[in-house]
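Data block below; observations after.
2 protein chains.
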Amino acid sequence: MHKKGCSEEELFSFLSSVKENDRAYNKVLSSMCTIPHPVAVRAHNMFIETNLGDPGLFMGTASIEEMLVERLGTLLHHKKACGYSTSGGTESNIQALRIARKLGNSKCPNVVVPESAHFSFDKAADILAMEIRTVPSDDKFRMDAEKIEEKIDKNTVCLVGVAGTTEYGVVDPIEALSDIASDRDIFLHVDAAFGGLVLPFVPHTSKFDFELAGVSSLSVDPHKMGMSTIPAGCLLVRDPSYFHSTEVDTPYLTVQKECTLCGTRPGASVAGALAVLDFLGEEGMAKIVDSCMENTRRIIKGMENAGYPVATMPEVNVASFCCDETPKGWQVSRTRLGHMRTVCMPHVTKDTIDEFLTAIGEM
Amino acid sequence: MHKKGCSEEELFSFLSSVKENDRAYNKVLSSMCTIPHPVAVRAHNMFIETNLGDPGLFMGTASIEEMLVERLGTLLHHKKACGYSTSGGTESNIQALRIARKLGNSKCPNVVVPESAHFSFDKAADILAMEIRTVPSDDKFRMDAEKIEEKIDKNTVCLVGVAGTTEYGVVDPIEALSDIASDRDIFLHVDAAFGGLVLPFVPHTSKFDFELAGVSSLSVDPHKMGMSTIPAGCLLVRDPSYFHSTEVDTPYLTVQKECTLCGTRPGASVAGALAVLDFLGEEGMAKIVDSCMENTRRIIKGMENAGYPVATMPEVNVASFCCDETPKGWQVSRTRLGHMRTVCMPHVTKDTIDEFLTAIGEM
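Line order of the protein sequences matches chains A and B. Heads up: the first sequence begins at 1 in our numbering, then just goes up one per residue. Heads up: the second sequence begins at 1001 in our numbering, then just goes up one per residue.
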């Protein structure tokens, strides 16, 4: 630390010079985050000092968190879902596995995940000292439904399916998983961190949420397609009693127990998340998702015309291509199998895609 | 979710009506958080869309995180400390124990913590499947240095000391812990989430940080006495190699590996944290801490005059009293032993204390 402070002018001129090294979102096709919606930013500022880790002090903000959970639960076919706002998909996934481990009560617990699962499951399994078992993908990069059963044994405490995979934008066979989970009485967690705010607005998608009786918990991140500020994830569970297994006593707070992973938690981004959903409503969300899906089809068509076929047809706005090069100045990413991966988030406009396709043509 | 959206005017009139149920900070003596400093809020807004989970996109913001780590490391006697910005003390404590578990390499790992440790250690031990062993407090509510060794065995992978306890504001005998840790080659984590931004500015306090050779890691939370926006914690470690044990591969991101607990992470509050430290400098921080400590002495003196002695003389701005009642309209909290607990954060002014003492007199 410096001995002496500086003036506000010096400080902000320094911070803005540093910020110039950030990339503007305009040529970013690799991120599942986006520029937050203006109402999210405004609500965020209104609640900037709030701490959901101490809900007795912030009862208004705590009720906003409840409303967010209720909105998302209703959207995902379980109005009475219990949940809380997490720091994001990783925390939600860790907590779901933690609950499953407690309920499963095995000395050598294992979790069965698709090959395509997000790396947060490796992290979760490492932290929770659980064995991770991977089900290979089928030719469409989805969990191969035929190969799930052979991975399960009496120590399997959790099954995981992904609704909107990070790499290929596909949905695992959640119905099949749900049947297996119900039959064998195993906890089923659905990672819908990305797809949870896309799939409900896309016509004719397969079932993936609490509508399926075997689904025990679900992650959905408002800070991805919900266009809220960061951090705003959400973990939803079917049965409130699941949270008993993660509760600790909390002396010297305004509540007696709490079940989250973190302690102090921002209310600002939670207000931001609710603000976007209420401002847009289902119709407004559907319009934005529709435009992202249309842009996804546009990029797929353009890439195919340029000789780079899509690896598989996605169900959400993530498309990966058989293309080894990257056009200069653009930010795309690579899947583990080496495909070029793009995400058509709300900041990616039709014009952005056309510009990108021009750059592809000039490669 | 509602079918139709609403107007921005309706939305913000609703949000402000809900916010009225939050408590204003002015009569809150129970919180370790406070109203964020105006420069933190301004910096937060400047970086509102940034995501430290994808540092290749946000290289400017990532360098701000590095600067924050360097400032805090220098302040805590280890300029070359390695670290990252966490969601708060709980994540820092979980990660420290996770590193210690990996390095310790025991099949039945245990962690030795003071009786006074924050409840996040219960959470961490539960998540990480570690046994937690508690060292009783001495008559000053500090970890009893004489009773540490008897809790340690060959499966002890971590020792924990607290610098600025949540309940009594005291500092555990970190020097003694450091000697034991060095002698027996055990990982020592210091929870200075609160004290880390108080003790360096208080004259004549005992050593608690990297100055002591046995200290392996340390939590310090800018969103407490650093007056930044939430979430802004920080985990610092002595040796960069410690983070190898928490790394996972991160395909489809702009970096290859990452070692944090969460994935997506806000840059906004990290910029807020740096802004406060740079704006105030050591001298400005010292002035604020000095005023909080003076207020702490003021409340202690006033309470003693009213017949409610302090449970023990604190070393940071937390004071707990032998007082069973709570004056109406004020928010204090209770320690596990039933003492009335108060924290003189920057939002608690001299006038607030006088008003509180008046209310105590009228009880």
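Think of the CB as a built atom: it goes at the ideal place given N, C-alpha and C, for glycine as much as any other residue. A quick note: this is a predicted structure, and the numbers were derived from the prediction, not measured.
- prompt: How would you list, in chain order, the residues of chain A whose beta-carbon sits under 7 angstroms from the beta-carbon of Ser1381/B?
  reply: Residue 1381/B lies beyond the stretch modelled for chain B, which goes from 1001 to 1363, so this question has no answer here.
9 angstroms Cβ cutoff, Cys33/A in contact with chain B: Using a Cβ-Cβ cut-off of 9 angstroms, Cys33/A counts as an interface residue toward chain B, since at least one Cβ of chain B sits closer than that to its own.
message: So, does the segment 322 to 342 of chain A touch the segment 240 to 254 of chain A, judging by three or more C-beta pairs under 8 angstroms?
response: With a cut-off of 8 angstroms, the segment 240 to 254 of chain A and the segment 322 to 342 of chain A do not count as touching, because too few Cβ pairs lie within range.
- prompt: Ordered along the chain, which non-local residues of its own chain (more than five positions away) have a Cβ less than 7 angstroms from that of Ala319/A?
  reply: Residues of the same chain with a CB within less than 7 angstroms of the CB of Ala319/A, apart from the 5 flanking positions on each side, are Gly169, Thr296, Ile299, Ile300, Val310 and Thr342 in chain order.
- request: Please look up how many angstroms separate the CB atoms of Gln1065/B and Ser1085/B, rounded, as I've assumed it's under 8 angstroms.
  value: For the record, residue 1065/B in the displayed sequence is Glu; it is not Gln. With a Cβ gap of about 5 angstroms, Glu1065/B and Ser1085/B count as contacting.
query: At a CB-CB cut-off below 7 angstroms, which residues of chain B make contact with Val18/A?
result: Identification of chain B residues near Val18/A by a Cβ-Cβ cut-off of 7 angstroms yields Gly1060, Ser1063 and Ile1064, ordered along the chain.
query: Nearest-angstrom Cα distance between Pro1327/B and Ala1096/B?
result: Distance between Pro1327/B and Ala1096/B, taken at the CA atoms: about 39 angstroms.
- request: From the DSSP output, read off the bridge partner residues of Pro266/A.
  value: Looking at the DSSP assignment, Pro266/A forms a beta bridge with Asn51/A.
query: Where Glu258/A and Glu294/A are concerned, what is the direct C-alpha to C-alpha distance, given to the nearest angstrom?
result: So the alpha carbons of these two residues sit roughly 42 angstroms apart.
message: Quick check on the DSSP output: the alpha helix (DSSP H) that includes Ser7/A runs from which residue to which?
response: Neither: Ser7/A is in no alpha helix (DSSP H) and is coded neither H nor E.
message: Using DSSP's beta-bridge definition, name the partner residues of Asn1110/B.
response: Answer by DSSP bridge pairing, in chain order: Glu1131/B and Thr1156/B.
query: Taking Cβ positions only, does Thr296/A come closer than 9 angstroms to chain B?
result: It does not; no Cβ of chain B falls within 9 angstroms.
message: With a threshold of 9 angstroms between beta carbons, is Val1028/B in contact with chain A?
response: Interface criterion met: the Cβ of Val1028/B is under 9 angstroms from a Cβ in chain A.
field: Any chain B beta carbon closer than 9 angstroms to His244/A
entry: So, not an interface residue.
Contacts around Cys1344/B, its chain only, beta-carbon distance under 6 angstroms, and the 5 residues preceding and following it disregarded: Close CB contacts of Cys1344/B within its chain, under the 6 angstroms cut and outside five residues either way in sequence, are with Cys1292, Asn1295, Thr1296 and Asn1317 (chain order).
task: Please determine, among Glu1010/B, Ala1062/B and Ser1013/B, the residue with the shortest C-alpha to C-alpha distance to Asp1054/B.
output: It is Ala1062/B whose Cα lies nearest to the Cα of Asp1054/B.
For Ala1129/B, the nearest candidate out of Thr1050/B, Val1157/B and Ala1176/B (CA to CA): Ranking Thr1050/B, Val1157/B and Ala1176/B by Cα distance to Ala1129/B puts Val1157/B first.
Arg1184/B classed as buried or exposed, judged by whether at least 16 other C-beta atoms fall within 10 angstroms: Exposed.
Chain B contact for Ile127/A (CB, 9 angstroms cutoff): Answer yes: the Cβ-Cβ gap between Ile127/A and chain B drops below 9 angstroms somewhere.
task: Identify, in the order they occur along the chain, each residue of the same chain with its Cβ nearer than 8 angstroms to the Cβ of Leu1103/B, setting aside the five sequence neighbours on each side.
output: Here the set comprises Val1157, Phe1187, Tyr1242 and Ser1245.
- request: Determine, using beta carbons only, whether Asn1051/B and Pro1266/B come nearer to each other than 9 angstroms.
  value: Between Asn1051/B and Pro1266/B, the C-beta gap is smaller than 9 angstroms, which places the two residues in contact.
Local conformation of Thr1086/B per DSSP, three classes: It is a strand residue.
- prompt: Between Met1285/B and chain A, is there a C-beta pair that is closer than 9 angstroms?
  reply: Yes, its Cβ sits closer than 9 angstroms to a Cβ of chain A.
- prompt: Nearest-angstrom Cα distance between Phe58/A and Lys1154/B?
  reply: Computed Cα separation, rounded: 45 angstroms.
query: Beta-carbon separation of His118/A and Gly1263/B under 9 angstroms?
result: Yes. Within cutoff.
message: With a threshold of 7 angstroms on Cβ separation, who are the neighbours of Lys1140/B within its own chain once the five nearest residues in sequence on each side are excluded?
response: Same-chain partners within the cutoff: Val1170 and Thr1312.
field: Among Arg98/A, Ala275/A, Gly5/A and Pro346/A, the one whose alpha carbon lies nearest that of Lys287/A
entry: Minimum Cα distance to Lys287/A is reached at Pro346/A.
- prompt: Hey, how far is the Cα of Lys1027/B from the Cα of Ser1178/B?
  reply: Answer to the nearest angstrom: the Cα atoms are 39 angstroms apart.
- prompt: In whole angstroms, what is the alpha-carbon distance linking Pro1240/B and Pro1114/B?
  reply: Taking the straight line from one Cα to the other gives about 27 angstroms.
- request: Starting from the Cα of Phe194/A, find the closest Cα among Asp209/A, Ile180/A, Ser182/A and His204/A and give me that residue.
  value: If we check each option's Cα against that of Phe194/A, Asp209/A comes out closest.
message: For Asp191/A, report the span of its beta strand (DSSP E) as first-last.
response: Following the DSSP letters along the chain, one finds Asp191/A inside the beta strand (DSSP E) bounded by residues Phe187 to Asp191.
message: Can you give me the C-alpha to C-alpha distance between Gly361/A and Cys33/A, rounded to a whole angstrom?
response: Taking the straight line joining both Cα atoms gives about 27 angstroms.
message: Let's test the definition: count the other Cβ atoms within 10 Å of the Cβ of Asp1290/B and tell me whether it reaches 16, buried, or not, exposed.
response: Exposed is the call here.
query: Going by the CB atoms, is the gap between Lys207/A and Ile174/A shorter than 9 angstroms?
result: With respect to the 9 angstroms criterion, Ile174/A and Lys207/A are classified as neighbours on the basis of their beta carbons.
message: I'd like to confirm the pairing. Which residues does DSSP put opposite Ala306/A in its beta bridges?
response: For Ala306/A, which the question treats as bridged, DSSP gives no partner whatsoever.
- request: Kindly indicate which three-state DSSP category Ser143/A falls into: helix, strand or coil?
  value: In the sequence as presented, Ser is not what sits at residue 143/A; that position holds Met. In this structure, Met143/A counts as strand in the three-state DSSP scheme.
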